[in-house]
Every structure is written in C-alpha cells, then in structure tokens.
Amino acid sequence: MSSFLTALRRLLPYATASLVGAVAITVSMVYLPQAGKRTAPSATAAAAVPALPAGVKLVIISGKDPSGVRQELVDEWNAENPQAPAHLREVDGDTGRQRLDIRTALKDGSAAIAVLDSVHLSEFAAQRDDGTEGLLAELKSDGTLTNGFLAGPLATCYWKERLYGLPFNTDVGLLFSADGTPEPQSWTELTDSARASANRKQIALQLGPNEAFVVNVLEQMLAEDTTILNPTGTGNVVRLDKWEAALEPLRDAHARGLIVDSESEDASTYAFTKGEVRYMRNWPSQFKKIDGRPGVRRLFGPGVLGGQNLVLSRTTPYYQQSLELLKFLTNSASQERLFRVGGFAPTRRTTYTMQAVKDDVPYAAELLAAVEEARPRPITPKYEQVSRLILNNLRPAVLDGRRIDDSFERDMAEALHE
C-alpha cells in the first residue's frame, strides 16, 4: 500500500479530477481493516501532503500518554507521509509543569504543534498585555474543518470567535458503582447508601490541592444549581449566596464522613478496585483499569468538560503540513483508536455510534450524553487565576466546613473580566 501511495502522490499533480476520484475510490475498496487499526483510509491517503525540508520533522509536544496510542497514530502518519514526518515529544510533570513546557516550546519554535489542555487555549491565543500576538496560529477554515465535532469540545477551541485548535479528545466525569451495587439515581440516594454501610466512607472524589478539586467541586455544585457555569463558558457571574447554597450538599457529606479525599484519579481507582469504596467519580479512561463490569452513569447534573486540543504555533513555517497532521489526528478513524485503545473520549459524535466502539465500550452511549450535557470551565485567558481562587476558597470550605470568604465574589469578578 505504501508504494502504491507513493506512486499516487507523484501522479496527482498531473491527474484530472475524474482520475483522482477514481483512484481514491480504489484505495477505499482495497483497504483491509485490521483489529485495533483503522477501519478506513486516512484523509491524507488520497492527497499528498507538501514535503518538509530534508531533516525537518513536525514536533508535537504533549503530556505523557501511558497507553501509547498517540505514538501509534504518529507512527501511522509517518508511514503514510514520509515526506512530512512528525515526532511526538512527551513531557513529564503535572498539568502546571506541562503548561509551562508547552508555552516555552511554542514560544521558542521547538514545537510546531501542541496537545494543550482545553482550559489553556484562550490564554495561549490571547494577545499579551504588551500588545504582542498570542502564541497560537489561527486556523483558517472553509467551513469543513470543524464538521462533525461535538459542540462542547469544539467551543473550547475558539477565542474571540476565532478558531485556534481542533479538539483532540474530550473528557467528562462519570459515576462508577461497584459491580453488583445498585446505581444511585440522585445525590441523596448515593449518600443514603454510604451512610447505611458499616464503613461510611464509600464515595471517592478527587479533592487534593490541584485542578482535580476544581473540576470535582464544580461538578457537585452543578448538580445543585446549573446556573453556576454558563453552557458557553463565557459570561459567568459569581454570586456568593448561590455558590454557598450549591456547595452545601458536598460540604455536609464530607462533614458526615462519607467522602474519601483521593489525591488523584489513580488513587480513587485503587481504592475502588480494592473494594474500599463502592462509588467513585472518575474519568472514562479509568474504566480499563477496573476488573469486572462496574456500573457507569452520568453525574447528577451537567459535568465539567476536560480534554485536550491540538494547536499550532503562530511562528511555524510549516502551517499547511501541520494542519494536515491535525486533520489526521482528529479524523474518525483516529478518534476510534484513541477511544478503544487509550480510553480518550472522542470529540466526534459518529465515533460513539460505531458498532466496534459499542462492543468494546459498554458505557459509550452514556458517555456521549454526558459530554453533550457538560459545561466548559470559564473560557478566559486568566483561567489560572480563576482556578486558584476556587481552590484556595472552596477547598477549606469543603474540608473544614468554613464559609466561603466574602472577598470571593469580588475576586472572581475581577478574574473573569476580559
């Protein structure tokens, strides 16, 4: 197949439109799917990607992917596009450390592409206070570039109505119930079940001093009051009385000793798999780490979107090649691989309805509904400030039973102001 594609690329500049169409159909007909591989040829298979200068690679900077599926996709791109090779550079550390490394790589030009947490896109795209341009290239689209993506994840790729990325994978919290345990249908049923247990600490949440706390607490508050976050991610207004009321059920459950304060998602999964807790809030990617068939359902209110976007450096001289790679990494076949192998929630609706996906991932339909209901965290270049305010004010309120400080409403208004 690779030799055929090479010959095809040489012919394309001289081919008529009808010949190109006929050859593309032939490629589709002779492609033989393999288990865990693509079920259709990539979008780049029928059209040549412009060649890079000798020795140049498209460097993608990303956090660690324990599943290895992202590297598999890069290897596949390289096999199909040897004239425009890519290299995946993974960086260690938490999301804060990764954010700094990605910023440096985009700024100094050592990476053309980044896998960027969706909450950081507006910060990287926005104009600096000194008037200099942001770090990201605006993606020019004829209207087809964004076709097929789910609305929520796609919304996190925009800043000031300009497109700066494509959604690579999304994420949303789910509620896991131990195999054989009835699934609760409300927060009250969940806490009643925990109270009835000999060991009352039966609900694992991630409440450590990091971004996981921000996501978890916003999820719990949205279950009480859906106006806490706007569906668009913009125009959020914080009212202290509403936030206090929405926080109360979680604060009460913690005070009653029903919550396990996990430091990380993996720590929650460990407690769940060891039978130490019967219920766990966690990301979909944790499902593959659990033996048996746990119950999986949406949270009791709109979830909070996570996930990563693929973005381009504003200074890359290889915009067209980079954009083609973005299309490849986000097409339907890649999305299927990312989900089935790595547990990364797809950003395209069609992926959830593929029969192979439904066979492999029993909770796919529930996850799709959760993603469609979920709210983005505030879309603002000052998200890091917003996150710190939530962490510093609401974590003591939950863990120590304090009231939220009166200055919180004013400080959040300043942080959310564009």
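According to the numbering used here, the sequence shown holds residues 6 to 423 in order.
Just so it is clear, CB atoms sit at the ideal spot from N, CA and C, and this is done for glycine as well.
Distance between D266 and N86, taken at the CA atoms: about 47 Å.
Rounded to whole angstroms, the separation of the alpha carbons of R108 and T320 is 13 Å. No beta strand (DSSP E) of 3 residues or more sits fully in the region 359-399. Annotation: the region 52-124 contains the following complete segments of the alpha helix (DSSP H) (minimum length 4 residues), in chain order: 74-85, 100-113. Taking C-beta separations shorter than 7 Å and ignoring five residues to either side along the sequence, the partners of A374 in its chain run R303, following chain order. In this structure P299 is not in contact with A350, their Cβ atoms being roughly 17 Å apart against a cut-off of 8 Å. Inter-residue distance for T239 and F292 is about 31 Å (C-alpha atoms, whole angstroms). Close CB contacts of S191 within its chain, under the 7 Å cut and outside five residues either way in sequence, are with F305 (chain order). Contact annotation: V222 and L399 have beta-carbon atoms nearer than 8 Å.
Shown here, L180 sits in a strand according to DSSP, grouped into three states.
The Cβ neighbour count for N397, taken over all protein chains shown within 10 Å, is under 16; the residue is labelled exposed.
Judged by DSSP secondary structure, S127 falls within the alpha helix (DSSP H) whose first and last residues are 126-130.
Cβ contact annotation for G406 (same chain, cutoff 7 Å, sequence separation greater than five): R256, A260, in chain order. The region 362-370 makes no contact with the region 78-98: fewer than 3 CB pairs, one atom from each, lie closer than 8 Å. Secondary-structure assignment with DSSP links D266 through a beta bridge to L210. Here L317 carries a strand assignment [DSSP, helix/strand/coil].
For V391, the CB contacts under 6 Å within the same chain, skipping 5 residues up- and downstream, are P383, A420 in chain order. The Cβ atoms of E224 and G308 sit closer than 8 Å to each other. H125 is classed as buried because its beta carbon has at least 16 other beta carbons within 10 Å across all chains shown. For N287 against S269, the beta-carbon gap comes to about 10 Å, at or over 8 Å, which does not count as contact. Rounded to the nearest angstrom, the gap between the Cα atoms of I264 and R205 is 8 Å. The residues Y357, K363, in chain order, have a CB closer than 8 Å to that of A370 in the same chain once the five nearest residues on each side in sequence are set aside.
DSSP, reduced to helix, strand and coil, places W164 within a strand of the structure shown. E143 has its alpha-carbon roughly 29 Å from the corresponding atom of M417.
Inter-residue distance for M226 and V74 is about 34 Å (C-alpha atoms, whole angstroms). About 6 Å separates the beta carbon of L334 from that of L315, a gap short enough to meet the 8 Å contact definition. For R104, the number of other beta carbons within 10 angstroms of its own is at least 16, and it is reported as buried. By the neighbour-count criterion, in which 16 or more other beta carbons inside 10 Å mark a residue as buried, Q326 falls on the buried side. Excluding five sequence positions before and after L57, the CB atoms of its chain that fall closer than 8 Å to its own CB belong to L63, Q88, A89, P90, Y323, Q326, given in chain order.
Cβ neighbours of W82 within its own chain (closer than 7 Å, five residues either side excluded): A91, L330, F333. When only Cα atoms are considered, T385 and Q76 end up about 31 Å apart. For Y388, same chain residues with a beta-carbon under 8 Å away, outside a window of 5 residues either side, are V124, H125, S127, E128, R382 in chain order. A direct Cα-Cα distance of roughly 16 Å separates A201 from G185.
Less than 8 Å separates the beta-carbon of V282 from that of I208. Between V220 and G178, the gap from beta carbon to beta carbon is short of 8 Å.
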